[in-house]
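Participant: Take this structure, written in structure tokens, and hold onto it; I'll ask about it next.
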């Protein structure tokens, strides 16, 4: 290679590494720490020996925690300080992929050929922008270190094979030293690392069959013995923990497992790749397989390419064996898909080989490289904004803690952590509100759990419940069932895999029996309704409480849900609470004749609800969504309710937003929006049919301070196909001249879907935002 070509290659490599660093360090602490990262943070305050002692009771070796403790001694134990270690490791992984790409070859017998120069750079670029690698480069856990250990091991092993096959004995010792170091690092990092050692061992056997001597295989065996001896002090603990740890995965079909694998390699833990998803999944499967076949074909047609055959086999094993572990151990759940990170570098290396193997013409090779790079960039542009900007991309403890800090009273309120494994991360964001972690034991003690709840909630007003991993910690739902029966359930919001629920306790209720009592169908009667005596006005962001006393004249065979809704003057649903009676603990088919069922509901009034008077209604519906009739209607008006502006600012991160935008439109910011088939808020991905109404809810934020030219009236235009509707941003009763600086407001609009275009747009003035495509069959 000429010096000019070498400088060009090095310059491109530097640009790619800088891009990788930017993508990994950008918004590094923007998302919240989640429970496992909280555990990491808690361990860092302990001594090295205590870390080893505590890790021995967990499912991870202490190696990562020891290294991170050294790192945070310099950079601090904040979220940024902890995650920066993973971000740096992510950049190192990208560089290792480049070094491995240099060793997989030659792809052409001509050392100056573009295939030899382009291949490692293309693989490096794909790694730099890969969303899966970027996501875990921004997490304070050991998985990026695990991937680096695997890549370093393979790099050292390929270097050893090169030294043997190319007869460079002076490089053998350095390569084996690297193998020992990375092998030891991997074993002390994660219990899944032996699968990478297995891939290395099988690869060496293939090499011995083709081009390596028995002596070189023996030296490889010696290196593995040294790795084993370095791990020997922890080996008994490792065996004990792996055998004793309860199974937590899931066995799926081959097709479902393959889809989950390819989707994870493409975009990480995000739910769906861009549409059409089948095209991306097909490319993710066939490109690396095609790359593998092309590499084998090249090795078969060139008698000098035994090295390429061995290298290809080793990388193929590196890709497939971790996937085989997933299938063999039944690890296809969200908690274990991250193990595929060790296979990601091999997958990218084989994918990049497609371009270099398909063509040996300079122009064609460059064109194919641009196409493949364009696909990687498209995935990054689709995925990374979600990872960077969506506060629920990880369990949003930071947002929940900010909300609790803003509204809770330490003297009256209580935080309930179900399960106790959340204590460490909650301590990181501690809003200084009393905390109760339950259940205290595994398996839970029902009597002790209920007694603790009864005692702890005496004289409390708000209960902020955080439900996480309850299938393991509280499989019988002891905590939630008790809360549903004794408190009013209000705000319920999924913050990643964390479910945040606001309960309210109230004994001062004023009850009234409606005359005549409304009757649903032939059996169900509302005997009385109860409200807190001081509930005349409810602030947006608070909970409106209502207790409903039901009776039936005869046994009921159908299970009905109760929906309590708040409607505006246009009959649009502003807020609602849907549940089977008594939080699901007393379904209607369990009612006894003439038994009184006290059914408590809390309706959370969304932040951004314009102030005004609203109607509260109640309805009953079956599994199909069909409502029971009550008189000549399908609902009954409980009361009128006045909503006022919130007293305290509400964390934007906790808004129940389906699509986040943070897009400037005119003088306001469109924070995000929700869109779904009318009445399907609980299932927003329900496909749309032509002529079906679509409900949109837009979340706006005023600038702070308000500009001098702030308009008295501001109108937005929503367009969907041939349908168009103009509407005031917060409705006619609350024009923009009444808005306050920084105020959050929301407003709902319904427009029919005519089937001509599933890409809605919203426009203010001459600025337009194109929204996400609506779901169609």
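Residue numbers (our numbering): 362 to 1138. Built from N, CA and C at the ideal position, the CB exists for glycine as well.
Counting along the chain, where does the beta strand (DSSP E) carrying residue 870 start and finish?
Facilitator: It spans 870–873 - the beta strand (DSSP E) in which residue 870 sits, taken as one unbroken run.
Participant: Spatial neighbours of residue 1128 within its chain, please: CB distance less than 8 Å, with the 5 preceding and 5 following residues excluded, ordered by chain position.
Facilitator: Cβ neighbours of residue 1128 beyond the five flanking positions: 1025, 1026 and 1027.
Participant: Which value, in whole angstroms, describes the spacing of the CA atoms of residue 357 and residue 429?
Facilitator: Here the chain has residues from 362 to 1138 only, and residue 357 is not among them.
Participant: Residue 505 and residue 451: beta carbons closer than 9 Å?
Facilitator: Cβ atoms of residue 505 and residue 451: closer than 9 Å.
Participant: Would you kindly report the start and end of the unbroken beta strand (DSSP E) that includes residue 400?
Facilitator: Taken as a continuous stretch (DSSP letters only), residue 400 belongs to no beta strand (DSSP E), being part of the alpha helix (DSSP H) at 396–405.
Participant: Alpha carbon to alpha carbon, how far is residue 470 from residue 433?
Facilitator: Reliability fails at residue 470, whose pLDDT of 47 lies under 50, so the model's placement of it is uncertain and the value that follows must be treated cautiously. Between residue 470 and residue 433, the C-alpha separation is close to 48 Å.
Participant: In this structure, how does DSSP classify residue 543 when only helix, strand and coil are distinguished?
Facilitator: The answer is helix: DSSP assigns residue 543 an H, G or I state.
Participant: Note down the Cα distance separating residue 447 from residue 497, rounded to an integer number of angstroms.
Facilitator: Answer to the nearest angstrom: the Cα atoms are 7 Å apart.
Participant: Go through its chain and collect everything with a Cβ distance to residue 1121's Cβ below 6 Å, but skip five positions before and after it.
Facilitator: These residues qualify, in order along the chain: 1081 and 1132.
Participant: Can you grab the Cα-Cα spacing for the pair residue 322 / residue 906, in whole Å?
Facilitator: Any property of residue 322 remains undetermined from this structure, which presents the chain solely from 362 to 1138.
Participant: How many Å lie between residue 911 and residue 956 at the Cα?
Facilitator: The alpha-carbon atoms of residue 911 and residue 956 are separated by roughly 8 Å.
Participant: Since residue 507 contacts residue 702 with CB under 8 Å, what's their CB separation in whole angstroms?
Facilitator: Going by Cβ atoms, the distance from residue 507 to residue 702 rounds to 7 Å, so yes, they are a contact pair.
Participant: Here's the rule I'm using: 16 or more other beta-carbon atoms within 10 Å means buried, otherwise exposed. How should residue 566 be labelled?
Facilitator: Exposed, by the Cβ-count rule.
Participant: Can the beta-carbon of residue 1140 be found closer than 9 Å to that of residue 757?
Facilitator: It is not possible to answer for residue 1140, since the shown part of the chain is limited to 362 through 1138.
Participant: By the DSSP assignment, the alpha helix (DSSP H) with residue 673 in it spans what residues?
Facilitator: Looking at the DSSP string, the run of the alpha helix (DSSP H) that includes residue 673 is 667–690.
Participant: Per DSSP, residue 1109 forms a beta bridge with which residues?
Facilitator: Answer by DSSP bridge pairing, in chain order: 1058.
Participant: By the 10 Å Cβ neighbour count, where 16 or more other Cβ atoms means buried, how is residue 414 classified, buried or exposed?
Facilitator: Exposed, since its Cβ has fewer than 16 Cβ neighbours within 10 Å.
Participant: Please report the residue range of the alpha helix (DSSP H) in which residue 833 lies.
Facilitator: 831–834 is the span of the alpha helix (DSSP H), which, as asked, contains residue 833.
Participant: Would you kindly work out how many angstroms separate the C-alpha atoms of residue 863 and residue 637, rounded to a whole number?
Facilitator: Computed Cα separation, rounded: 38 Å.
Participant: Looking at residue 1018 and residue 1033, is the spacing between their C-beta atoms short of 9 Å?
Facilitator: Contact: yes.
Participant: Pop quiz: residue 773 and residue 847 are said to be a contact at Cβ under 8 Å. What is the actual Cβ separation, rounded to whole angstroms?
Facilitator: That pair is no contact at about 16 Å.
Participant: Could you tell me the distance, in whole angstroms, from the CA atom of residue 569 to the CA atom of residue 575?
Facilitator: Approximately 7 Å, taken between the alpha carbons.
Participant: Looking only at C-alpha atoms, which of 844, 877, 421 and 1008 sits nearest to residue 601?
Facilitator: Checking every option, the nearest Cα to that of residue 601 belongs to 421.
Participant: Could you pull the DSSP bridge partners for residue 977 from this structure?
Facilitator: Answer is 927 and 1000, bridged to residue 977.
Participant: Work out the CA separation of residue 367 and residue 376 for me, nearest whole Å.
Facilitator: Whole-angstrom Cα-Cα distance: 14 Å.
Participant: In whole angstroms, what is the alpha-carbon distance linking residue 1030 and residue 1116?
Facilitator: Near 29 Å, if we compare the C-alpha coordinates of residue 1116 and residue 1030.
Participant: I need the boundaries of the beta strand (DSSP E) containing residue 1035, first residue and last residue.
Facilitator: Segment 1029–1038, the beta strand (DSSP E) holding residue 1035.
Participant: Please classify residue 495: does DSSP put it in a helix, a strand, or coil?
Facilitator: It is helical.
Participant: I need the DSSP call for residue 370, collapsed to helix, strand or coil.
Facilitator: Correct three-state label for residue 370: helix.
Participant: Report the option in 948, 554, 917 and 1038 whose CA atom is closest to the CA atom of residue 511.
Facilitator: Checking every option, the nearest Cα to that of residue 511 belongs to 554.
Participant: Between the beta-carbon of residue 1049 and the beta-carbon of residue 885, is there less than 9 Å?
Facilitator: Against a cut-off of 9 Å, the Cβ pair of residue 885 and residue 1049 comes out as no contact.
Participant: Given a cut-off of 9 Å on the beta-carbon distance, is the pair residue 704 and residue 681 in contact?
Facilitator: Closer than 9 Å, so yes.
Participant: Rounded to whole angstroms, what is the Cα-Cα separation between residue 401 and residue 407?
Facilitator: Rounded to the nearest angstrom, the two C-alpha atoms are 11 Å apart.
Participant: Count the C-beta pairs between the region 890–906 and the region 793–809 that are closer than 8 Å, then say yes if the count reaches three, no if not.
Facilitator: Segments in contact, no.
Participant: Decide yes or no for the touch test of the region 958–969 against the region 925–939: beta carbon pairs closer than 8 Å, at least 3 of them.
Facilitator: Yes, they touch.
Participant: In whole angstroms, give me the CA-to-CA distance for residue 1083 and residue 858.
Facilitator: Looking at the two C-alpha atoms, the distance is approximately 38 Å.
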